[in-house]
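Residue numbers (full-length UniProt numbering): 70 to 333.
For every residue, glycine included, the Cβ atom is placed at its ideal position computed from N, Cα and C.
See structure below.
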Ligand code: PEP
Ligand code: MN
């Protein structure tokens, strides 16, 4: 169902009532790795509004490698996130980690994000196939392209056709950076599937200074959107500060995205 052989032409996925991604529509999603406070949400929303970015990312349920790391503000944080975004017409993409979170999160989000660690949680994928919200489905940490497509198939075959495939880097033997951003996968996914493809250069390389150029390379590889980690003070971020852009760095990237899109 997600294959280009099944559907001719590209799919534009609707986000909320007024946004599209795919089939020529490009979207930027930006914000912190983790939602940390009301003040942080307000500051980020103001940054996004100033720059015409319409979708804010931010985790309230965080899959952390160590159980002692910050694990997110949960549903209370989501309500704060929703309030400020609602007032400013900013859409929310945030990670859902388990089936029991779907229902309480549903009315406060615009896109359910499935993280790399849950990309083959087939029960979660089945249930997300039954909701009326778009899904940002990340590639598993050591997942193949076909495994990502099959994960999408779980969602699609349950009735939810609004899926974005996300390349976020894979684990390889290389230790010079966090993950290996697979630009090849973006080109291949665009060929194999009609669904939009989103690039996550922040997790894809995991090193702040290289994030902008990998974001732009992803666009040239064919991405329909990028999701980037941005924070007022990356050094102080509760998670993933090492790969998070400052507002100033993000603003330069937004400008360069416009000129890169003009090249395609
Ligand atoms: C995130 O987006 O902050 C995240 C945890 O991503 P991933 O699932 O790709 O590691
Ligand atoms: Mn992160």
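Separation of residue j from residue i, as counted between CA atoms
i, j, result
"residue 118", "residue 315", "16 Å"
"residue 322", "residue 139", "28 Å"
"residue 120", "residue 320", "7 Å"
"residue 257", "residue 203", "22 Å"
"residue 286", "residue 169", "37 Å"
"residue 329", "residue 275", "22 Å"
"residue 126", "residue 74", "32 Å"
"residue 246", "residue 280", "11 Å"
"residue 116", "residue 159", "11 Å"
"residue 265", "residue 234", "6 Å"
"residue 108", "residue 72", "43 Å"
Residue i burial status per 10 Å Cβ neighbour count (16 or more: buried)
i, result
"residue 101", "buried"
"residue 191", "exposed"
"residue 175", "exposed"
"residue 229", "buried"
"residue 217", "buried"
"residue 331", "exposed"
"residue 78", "exposed"
Residue i beta carbon near the ligand MN (any heavy atom closer than 7 Å)
i, result
"residue 272", "yes"
"residue 188", "no"
"residue 235", "no"
"residue 308", "yes"
"residue 298", "yes"
"residue 102", "yes"
The ligand PEP heavy atom lying under 7 Å from the CB of residue i
i, result
"residue 140", "no"
"residue 136", "no"
"residue 265", "no"
"residue 185", "yes"
"residue 128", "yes"
"residue 79", "no"
"residue 179", "no"
"residue 269", "yes"
"residue 132", "yes"
"residue 160", "no"
"residue 74", "no"
Rounded distance between the beta-carbons of residue j and residue i, thought under 8 Å
i, j, result
"residue 124", "residue 84", "7 Å"
"residue 324", "residue 313", "At roughly 19 Å, the Cβ-Cβ gap does not stay under 8 Å, so residue 324 and residue 313 are not in contact."
"residue 92", "residue 80", "6 Å"
"residue 195", "residue 227", "6 Å"
Exercise for the section: Identify every run of the alpha helix (DSSP H) within the stretch 84-164, keeping only runs that are complete inside it and at least 4 residues long; order them along the chain. Expected result: 107-119 and 143-156
Exercise for the section: Pick out the complete beta strand (DSSP E) segments inside the stretch 225-301, 3 residues or longer, and give them in chain order. Expected result: 232-236, 266-268 and 294-298
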